[in-house]
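> Taking our numbering, the leading residue of the sequence shown gets 181, the next gets one more, and so forth.
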Amino acid sequence: METPSAAITKAKSATQDGVVQVVDMAGDDLVQGLNQSPTGSLVSCRDGKQWAGHATVTLRRGANAAAIINGIEDSISEAEWSASRDTTGEGRSRLTLRSHSGLSLLIRPDGGASINIASFSDCFALPSDFVPARSY
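#1: Are Phe304 and Ala191 closer than 8 Å when you measure CB to CB?
#2: Quick one: using the 10 Å Cβ neighbour count with 16 as the cut-off for buried, is Ala243 buried or exposed?
#3: Measure the alpha-carbon distance for Trp261 versus Leu239 and round it to whole angstroms.
#4: If we require 3 or more residues per run, which beta strand (DSSP E) segments fall completely within the stretch 245-298?
#5: When the Cα atoms are used, what is the spatial distance from Ile249 to Ser284?
#6: Cβ atoms of Val237 and Val200: under 8 Å apart, would you say?
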């Protein structure tokens with residue numbers, strides 16, 4: 181079994197790589213930048229923990245966040261991702277992407293010039309006596 185540190189690092193890396201993969205679908209002509217929080221936290225899931233992170237996609241002037249999210253949904257490979265839509269508690273439309281490897285991305289417009297992405301790794305096991313830090 182890999183060490184807790186290695187398991188967390190692997191989950192974080194896979195999650196952040198998934199965010200980059202999805203944001204790249206929008207294209208450089210629409211995206212000005214991607215800011216992924218350098219740290220995230222561990223949250224409970226069905227059989228252990230998952231690494232949870234956050235990213236903000238800054239859009240170029242004139243880009244429409246809702247249209248970009250629709251374009252991402254249309255561009256995803258069904259061999260790698262499944263997509264669903266719902267509405268947040270604030271009444272905002274949200275796209276949820278789930279990779280077949282267990283990664284989840286919750287994507288919604290965040291004002292006119294950005295997109296908010298909450299990201300969650302696949303669920304992974306840690307030793308029962310492991311005490312997590314506040315962030316990773």
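The beta carbon of each residue, even a glycine, is placed where N, CA and C say it ideally should be.
All values derive from a computational prediction rather than experimental measurement.
Result, derived from the coordinates:
#1: Cβ atoms of Phe304 and Ala191: closer than 8 Å.
#2: In summary, Ala243 is buried, with 16 or more beta-carbon neighbours lying within 10 Å of its beta-carbon over all protein chains present.
#3: So the alpha carbons of these two residues sit roughly 23 Å apart.
#4: Secondary structure in the stretch 245-298: the beta strand (DSSP E) runs of 3 residues or longer, each lying completely within the stretch, are 261-267, 273-279 and 284-289 in chain order.
#5: If I take the Cα positions, the gap works out to 15 Å.
#6: With respect to Val237, Val200 sits apart: the two C-beta atoms are not nearer than 8 Å.
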